[in-house]
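**Q** Numbering (numbering that gives the first Met the number 0), first residue to last: 0 to 308. The C-beta atom is built at its ideal place from N, Cα and C for all residues, glycine as well. Being a predicted model, the structure only gives us computed values, none of them experimental.
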Amino acid sequence: MNSIYTIGETVYDIIFVNGQPEAGKPGGAMLNTAISLGRLGLNPNLISEFAYDDIGKLINTFLLENGVSTEYCFRYQNGQTPVAIAILDRERKAGFSFYRNFPTDRLLIGIPPFHKGDLVMFGSYFSISQELRVQVERILGNAMDSGCLLFYDPNFRKAHLNEIESLREAVVGNLSRAHIVRGSDEDFNLLFGCRSAEEAHHYCPQAILFYTMGSGGCNMITPSGVQRHWESIAIEPVSTIGAGDTFNAGLAYGISHENLTFDTLLHLAPSEWDRVIKTALRMASAVCMSFDNYISHSLAKILNDGIEN
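1. Consult DSSP for Asp291 and reduce its assignment to one of helix, strand or coil.
2. For Val275, count the other beta carbons within 10 Å of its own beta carbon; 16 or more makes it buried, fewer makes it exposed. Which is it?
3. Excluding the five sequence neighbours on either side, which residues of its own chain have a C-beta within less than 7 Å of the C-beta of Val171, listed in chain order?
4. How far does the alpha helix (DSSP H) with His200 in it extend, from its first residue to its last?
5. Which term fits Tyr98, buried or exposed, when burial requires 16 or more other beta carbons within 10 angstroms of its beta carbon?
6. I need the boundaries of the beta strand (DSSP E) containing Ala22, first residue and last residue.
7. What does a CB cutoff of less than 6 Å around Glu230 pick up in its chain, not counting 5 residues either side in sequence?
8. What runs of the alpha helix (DSSP H), each 4 residues or longer, lie entirely inside the region 139–200?
9. Might you give, ordered along the chain, the residues of its own chain that have their beta carbon closer than 6 Å to the beta carbon of His296, omitting 5 neighbours on each side?
10. Could you pull out every residue in the same chain whose Cβ sits closer than 6 Å to the Cβ of Phe95, ignoring the five residues on either side in sequence?
11. Just how far apart, CA to CA, sit Pro81 and Ser68?
12. Which residue comes first and which comes last in the beta strand (DSSP E) that contains Glu48?
13. Does the beta-carbon of Ala233 have 16 or more other beta-carbons within 10 angstroms, so that it is buried, or is it exposed?
14. Helix, strand or coil, according to DSSP, for Phe261 in the structure here?
15. Whole angstroms is fine: what's the gap from Met29's alpha carbon to Leu106's?
16. Strictly by DSSP, which residues pair up with His228?
17. Could you tell me the distance, in whole angstroms, from the CA atom of Gly26 to the CA atom of Pro43?
18. Exposed or buried, Tyr11, counting other C-beta atoms within 10 Å across all chains shown (16 or more means buried)?
19. Just curious, the beta strand (DSSP E) that Tyr4 is in, first and last residue?
20. Beta-carbon separation of Ala310 and Thr32 under 8 Å?
21. Taking Ser289 and Gly243 to be in contact with their CB atoms under 8 Å, please state how far apart those CB atoms are, rounded to whole angstroms.
22. Using the rule of at least 16 other Cβ atoms within 10 Å of the residue's Cβ for burial, across every protein chain shown, is His310 buried or exposed?
23. My assumption, with CB atoms under 8 Å, is that Met282 sits in contact with Thr245. Please give the rounded CB distance.
24. Within 10 angstroms of its Cβ, does Pro269 collect 16 or more other Cβ (buried), or is it exposed?
25. Determine the contact status of Ser126 and Asn173, defining contact as a CB-CB distance below 8 Å.
26. Between Ser145 and His114, which are expected to be in contact by the criterion C-beta below 8 Å, what is the C-beta distance as a whole number of angstroms?
27. I'd like the ranges of any alpha helix (DSSP H) spanning at least 4 consecutive residues and lying wholly in the region 91–145.
28. May I have the straight-line CA-CA distance separating Val180 from Ser284, to the nearest angstrom?
29. State the DSSP-derived secondary structure class of Val275, mapped to helix, strand or coil.
30. Which of helix, strand or coil does DSSP assign to Arg12?
31. Is it right to say Glu307 is buried, meaning 16 or more other beta carbons lie within 10 angstroms of its own, or is it exposed?
32. Buried or exposed for Asn59, please, with buried defined as at least 16 other CB atoms from any protein chain shown within 10 angstroms of its CB.
33. Using the three-state DSSP reduction, which class does Ser223 fall into: helix, strand or coil?
Printed below as a string of structure tokens:
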């Protein structure tokens with residue numbers, strides 16, 4: 000089995016409902032993805048940064064207990080682990096406010112030993128931040144040169160709309176290098192004014208695009224123009240914070256277990272796509288039924304038992 004790396008921010012989410020705090024969870028889009036993959040036994044590596052403060056120690060323990068390697072997490076002394084205040088609306092979608100206190104020196108880590116076929120997942124503000132752009136570009140450049148499969152999720156938050164003009168070029172660069180892109184309709188609308196999967200695919204024509212629309216399901220477009228649609232699973236959500244991150248984990252789970260390459264993904268049979276995407280949708284909907292940002296251990300066991308049988 001090839002290695003999986005997830006590159007993104009680490010935060011501590013404090014979730015509010017009706018003006019009251021309901022839950023506190025380690026968060027960050029790629030951290031959420033890594034936890035689900037760790038619980039599925041895939042032993043992912045998180046590339047991130049957080050402090051040696053009490054919250055950082057809590058998060059580090061949580062990652063290790065869930066099978067996520069922190070070897071490539073930069074731990075800093077002068078600063079604090081970021082906190083995200085997530086306020087859920089009536090549809091249980093979150094609006095975020097971020098509180099950060101970073102040191103001057105950021106992400107001081109070595110390059111992982113990437114190998115051909117490794118899956119490298121990256122996204123969110125972490126992958127386009129001007130303060131981290133040089134370090135992230137260095138890591139992604141090595142991953143590309145090593146023949147890794149690159150998976151990008153823009154995961155663009157409204158909290159960064161005031162920076163959109165300075166960040167859009169970095170987003171376009173990330174879209175252009177990815178083999179797989181998973182973005183929501185909201186992401187592409189905020190970034191480029193897109194209103195359909197076809198319009199969104201214009202910005203990543205070389206990639207397999209998964210365009211998710213919440214309760215509207217998921218559309219896929221491949222570089223050759225093949226299109227598919229899958230309906231979402233009808234639920235009454237508790238929190239949608241980890242939905243997209245867990246969908247990403249479901250895709251990664253299918254890719255890893257089937258040992259799929261970009262070439263094999265391009266020629267995957269409809270029945271095989273159905274198996275992968277329906278698992279991703281099942282995982283995403285399950286996460287929406289709790290305040291957790293990742294699948295439960297019990298669902299991980301059910302999924303693994305199903306594949307093993």
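**A** On the basis of the coordinates in this document:
1. By one-based count along the sequence shown, residue 291 stands at place 292. Of the three classes helix, strand and coil, the one that applies to Asp291 here is coil, per DSSP.
2. As a working note, residue 275 is residue 276 in the sequence shown. For Val275, the number of other beta carbons within 10 angstroms of its own is at least 16, and it is reported as buried.
3. As a working mapping, residue 171 is identified with position 172 in the sequence shown. Within the same chain, Val171 has close Cβ partners Tyr202.
4. Numbered from its first residue, the sequence shown carries residue 200 at position 201. First-last of the alpha helix (DSSP H) with His200: Ala196 to His200.
5. Sequence index remark: in the sequence shown, residue 98 carries index 99 (1-based). In the assembly as shown, Tyr98 is an exposed residue. Its beta-carbon has fewer than 16 other beta-carbons within 10 Å.
6. Here residue 22 corresponds to residue number 23 of the sequence shown, with the count starting at 1. Note, Ala22: beta strand (DSSP E), Gln19 to Gly26.
7. Taking the sequence shown and counting its residues from 1, one reaches residue 230 at position 231. Taken in chain order, the residues that qualify are Gly216.
8. Counting whole runs of 4 or more residues, the region 139–200 contains the alpha helix (DSSP H) stretches 163–176, 184–191 and 196–200.
9. Sequence index remark: in the sequence shown, residue 296 carries index 297 (1-based). Closer than 6 Å at Cβ, skipping near neighbours: Arg38.
10. Walking along the sequence shown from the start, residue 95 turns up at place 96. Ala83, Ala85, Arg156 and Ala158.
11. By 1-based counting over the sequence shown, the position of residue 81 is 82. By 1-based counting over the sequence shown, the position of residue 68 is 69. Approximately 20 Å, taken between the alpha carbons.
12. By one-based count along the sequence shown, residue 48 stands at place 49. First-last of the beta strand (DSSP E) with Glu48: Asn44 to Ala50.
13. As a first step, residue 233 must be located in the sequence shown, where it is residue number 234. Classification for Ala233: exposed.
14. For the purposes of this step, residue 261 is identified with residue 262 of the sequence shown, where counting begins at 1. DSSP places Phe261 in helix when its eight states are reduced to three.
15. The residue given as residue 29 occupies position 30 in the sequence shown. The residue given as residue 106 occupies position 107 in the sequence shown. Whole-angstrom Cα-Cα distance: 15 Å.
16. For this step, residue 228 is matched to residue 229 along the sequence shown. Note: His228 sits in a beta bridge opposite Asn218.
17. As a first step, residue 26 is located in the sequence shown; it is residue number 27 there, counting from the start. As a first step, residue 43 is located in the sequence shown; it is residue number 44 there, counting from the start. Going from the Cα of Gly26 to the Cα of Pro43 covers about 16 Å.
18. Mapped onto the sequence shown, residue 11 falls at position 12. Buried.
19. Counted from its first residue, the sequence shown places residue 4 at position 5. Its beta strand (DSSP E) spans residues Ile3 to Ile6.
20. Beyond the ends of the chain as shown, which are 0 and 308, falls residue 310; an answer cannot be given.
21. Residue mapping note: residue 289 aligns to position 290 of the sequence shown, counting from 1. Residue mapping note: residue 243 aligns to position 244 of the sequence shown, counting from 1. Not confirmed; about 16 Å, so no contact.
22. Lying before the first or after the last residue shown, residue 310 is absent from the chain, which here runs from 0 to 308.
23. Locating residue 282 in the sequence shown gives position 283, counting from the first residue. Locating residue 245 in the sequence shown gives position 246, counting from the first residue. That belief holds up - the Cβ atoms of Met282 and Thr245 are roughly 5 Å apart, short of 8 Å.
24. Looking up residue 269 in the sequence shown gives position 270. So Pro269 ends up on the exposed side.
25. Counting from one through the sequence shown, the residue named residue 126 turns up at place 127. Counting from one through the sequence shown, the residue named residue 173 turns up at place 174. Yes, the pair counts as a contact, with Cβ atoms nearer than the cut-off.
26. Against the sequence shown, residue 145 aligns to sequence position 146. Against the sequence shown, residue 114 aligns to sequence position 115. Right, the Cβ-Cβ distance comes to about 6 Å (below 8 Å), so this counts as a contact.
27. With a minimum length of 4 residues, the continuous alpha helix (DSSP H) runs that stay inside the region 91–145 are 132–144.
28. As a working mapping, residue 180 is identified with position 181 in the sequence shown. As a working mapping, residue 284 is identified with position 285 in the sequence shown. Rounded to whole angstroms, the gap between the alpha carbons of Val180 and Ser284 is 20 Å.
29. Taking the first residue of the sequence shown as position 1, residue 275 is located at position 276. Residue state, collapsed to three classes: helix.
30. For this step, residue 12 is matched to residue 13 along the sequence shown. Here residue 12 turns out to be Asp, not Arg, going by the sequence shown. DSSP places Asp12 in strand when its eight states are reduced to three.
31. The count along the sequence shown starts at 1 and reaches residue 307 at position 308. Caution is warranted here: a pLDDT of 42 is assigned to Glu307, below 50, making its placement in the model unreliable, and the coordinate value is therefore given only provisionally. Label assigned to Glu307: exposed.
32. One-based indexing of the sequence shown puts residue 59 at position 60. Around the beta carbon of Asn59, 16 or more other beta carbons lie within 10 angstroms, which makes this residue buried.
33. By one-based count along the sequence shown, residue 223 stands at place 224. The answer is coil: DSSP assigns Ser223 none of H, G, I, E or B.
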